[in-house]
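One structure below.
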Amino acid sequence: MAAPSLILLIDRSLFARKVKDQRPLEQREPGWKLFGKVPLREGSTKEPKKTQKEYETRSGRSGNPPSPKQSVRKNLDFEPLSTTALILEDRPANLPAKPAEEAQKHRQQYEEMVAQAKKRELKEAQKRKKQLEDRCKLEESIGNAALTWNQEILPNWETMCTSRRVRDLWWQGIPPSVRGKVWSLAVGNELNITHELYNICLARAREKWKAMPALASEGDSEDAGLSLADREASLELIKLDISRTFPNLCIFQQGGPYHDTLHSILGAYTCYRPDVGYVQGMSFIAAVLILNLDTADAFIAFANLLNKPCQMAFYRVDHSLMLTYFAAFEVFFEENLPKLFAHFKSNNLTPDIYLIDWIFTLYSKSLPLDLACRVWDVFCRDGDEFLFRTALGILKLYEDILTKMDFIHNAQFLTKLPEDIAAEELFSAIATIQMHSKNKKWAQVLQTLQKEQERGSPVLKR
235 MAAPSLILLI
245 DRSLFARKVK
255 DQRPLEQREP
265 GWKLFGKVPL
275 REGSTKEPKK
285 TQKEYETRSG
295 RSGNPPSPKQ
305 SVRKNLDFEP
315 LSTTALILED
325 RPANLPAKPA
335 EEAQKHRQQY
345 EEMVAQAKKR
355 ELKEAQKRKK
365 QLEDRCKLEE
375 SIGNAALTWN
385 QEILPNWETM
395 CTSRRVRDLW
405 WQGIPPSVRG
415 KVWSLAVGNE
425 LNITHELYNI
435 CLARAREKWK
445 AMPALASEGD
455 SEDAGLSLAD
465 REASLELIKL
475 DISRTFPNLC
485 IFQQGGPYHD
495 TLHSILGAYT
505 CYRPDVGYVQ
515 GMSFIAAVLI
525 LNLDTADAFI
535 AFANLLNKPC
545 QMAFYRVDHS
555 LMLTYFAAFE
565 VFFEENLPKL
575 FAHFKSNNLT
585 PDIYLIDWIF
595 TLYSKSLPLD
605 LACRVWDVFC
615 RDGDEFLFRT
625 ALGILKLYED
635 ILTKMDFIHN
645 AQFLTKLPED
655 IAAEELFSAI
665 ATIQMHSKNK
675 KWAQVLQTLQ
685 KEQERGSPVL
695 KR
């Protein structure tokens, strides 16, 4: 007989909930929602204790008593809306009241939490305000500097470019709006390249591209470029490298606004200097120039930059001359950073491991782009010497870290520099580097080593 009773009990429990409440509105109990109780309807006069008692009586009709956890949940007169409620609100009427000490303790904890939150918020607001002020000051200084360059320096370039005032402004960084003009003037045009010559070289490159069969894969392209005697065959290699040029910017990749421009400049240069051809790394130099100059002017600056002795030695892979540059670098390395120099020597970490990539791309691949442009500012003024001075500045900046690393970690660190290098910190480190060794300047040391190289000095042999 137990089964019919159980069925009857289940039926009673199930269908009892479906019966529409016919009581007047003012006599119904307050509703419930997910987070807290719905306020009492207007006209309700029921007391909370009476409501709670009736609710407990109805709950007791169920055949299975609720679990202890559910009972506690259902017996609450409220649902806490936040952690604040747990601290400040009094306990429900059916629970013992908080002791005065505990209530005071909770209130103090809450006040401390609020104070800490306000302190953090104030600190963040002050930080944002300072960043905004610094940005405004920087923009104002750049604007003032741009006016000075445009109105005073550029119109009187020949007489002012070597003055102390201009050199100081130069060191602080050239404003982006005039950077291209200053680079063009500083680099010069010793090759006497004209816009017409650029168009002729570009037309020749396009003819070559049309005549060149499409290669199936990257591996085929590299093999073909290496096997053909004519250096103009490296035109095909350009397509592979363009997509690798500043990939985070997405402006030089296929479909980007500067993809065709970069392709044109590199192709034109390959036809202009077939004896050099295209060498990996050139795309970064051309890309930086494109960002600051018109296409034809970028090509003129590009060709003249690569015609400098240091760049030509590296891009033509003149091993003996490259060794001379490395040897000159080590002279000043030992002079400025003897401790780190000795550490590198003991670990057989030679300059070619990290310098080649820095020199090939003029730091445009190794440093953040805005910082690389500041390096270019002074490089265009001081020439090859500043490239090696910058290298020593980087080593100086991270000297403490590098002296604690072994060969592998040093090589990894220097071939992939941190992305958060601060411009002012780096240039402060560069400023401490002295390019004098035994009363000899960079050019004198380099010239002496070149003579030793010609005599076959064993010091310069690797």
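Position 162 (the sequence shown) corresponds to 396 in the numbering used here; numbering is contiguous.
Just so it is clear, CB atoms sit at the ideal spot from N, CA and C, and this is done for glycine as well.
- Nearest Cα to leucine 683 within the set Glu659, Phe566, Arg623: Phe566.
- Under a 10 Å Cβ-count criterion, serine 598 is classified as buried, with 16 or more other Cβ atoms of the shown protein chains found around its own Cβ.
- Lysine 674 is bridged by DSSP to Ser671.
- The continuous alpha helix (DSSP H) containing valine 421 extends over residues 410-421.
- Residue burial is scored here from C-beta neighbours: glutamine 545 has at least 16 other C-beta atoms within 10 angstroms and is therefore classed as buried.
- Annotated as proximal: methionine 669 and arginine 623, with beta-carbon spacing under 7 Å.
- For glutamate 386, no alpha helix (DSSP H) encloses it, and the DSSP letter there is neither H nor E.
- Within its own chain, the residues whose Cβ lies closer than 6 Å to the Cβ of alanine 530, once the five positions on either side in sequence are excluded, are His429, Tyr432, listed in chain order.
- Assignment of glutamine 514 by DSSP, reduced to helix, strand and coil, places it in the coil class.
- Contact between threonine 637 and histidine 553 fails: their C-beta atoms lie close to 30 Å from each other, not under 8 Å.
- Setting aside the 5 residues that flank it on each side, valine 412 is surrounded in the same chain by Ala380, Trp383, Asn384, Leu388, each with a C-beta closer than 8 Å to its C-beta; the list follows chain order.
- DSSP, read as helix, strand or coil, puts cysteine 544 in helix.
- Look at aspartate 586 here: in three-state DSSP terms it is helix.
- Between leucine 626 and the set Ser662, His643, Thr595, the nearest pair of CA atoms involves Ser662.
- Counting the other Cβ atoms within 10 Å of the Cβ of serine 498 gives 16 or more, which makes it buried.
- DSSP places proline 572 within a helical segment (H, G or I) once states are collapsed to three.
- Rounded to the nearest angstrom, the gap between the Cα atoms of glutamate 659 and glutamate 335 is 55 Å.
- A Cβ-Cβ contact shorter than 7 Å links valine 416 with isoleucine 408.
- Phe620 is the residue among Phe620, Leu680, Asp634 whose C-alpha sits nearest the C-alpha of tryptophan 405.
- Spanning the alpha carbons of leucine 583 and glutamine 488 requires a straight line of approximately 38 Å.
- Around the beta carbon of threonine 666, a 10 Å sphere encloses fewer than 16 other beta carbons of the protein chains shown; the residue is thus reported as exposed.
- In terms of Cβ geometry, leucine 629 and leucine 571 form a close pair [threshold 7 Å].
- Apart from sequence neighbours up to five positions away, the residues of its chain that approach glutamate 564 with a beta-carbon distance below 7 Å are Pro585, ordered along the chain.
- Using a Cβ distance threshold of 7 Å, leucine 525 and glycine 501 do not count as a contacting pair.
- In the DSSP annotation of this structure, the continuous segment of the alpha helix (DSSP H) that includes alanine 665 starts and ends at 657-665.
- The alpha-carbon separation between glycine 617 and alanine 359 amounts to approximately 44 Å.
- Within a 10 Å sphere around the beta-carbon of glycine 422 sit fewer than 16 other beta-carbons, which makes this residue exposed.
- Just so you know, the alpha carbons of alanine 420 and isoleucine 635 end up roughly 36 Å apart.
- Counted as a single uninterrupted DSSP element, the alpha helix (DSSP H) harbouring asparagine 433 occupies residues 429-445.
- The DSSP-derived three-state label of serine 554 is helix.
- Of the residues Ala561, Phe613, Ile534, the one whose Cα lies closest to the Cα of lysine 685 is Ala561.
- Sixteen is the threshold: when 16 or more other Cβ atoms of the shown chains lie within 10 Å of the Cβ of isoleucine 519, as they do, the residue is buried.
- 7 Å or more divides the Cβ of alanine 535 from the Cβ of serine 397.
- Inclusion of phenylalanine 594 and phenylalanine 647 in the CB contact set at 7 Å is not warranted, their separation being larger than that value.
- Look at the stretch 336-403 and you find these whole runs of alpha helix (DSSP H), each 4 residues long or longer: 391-394.
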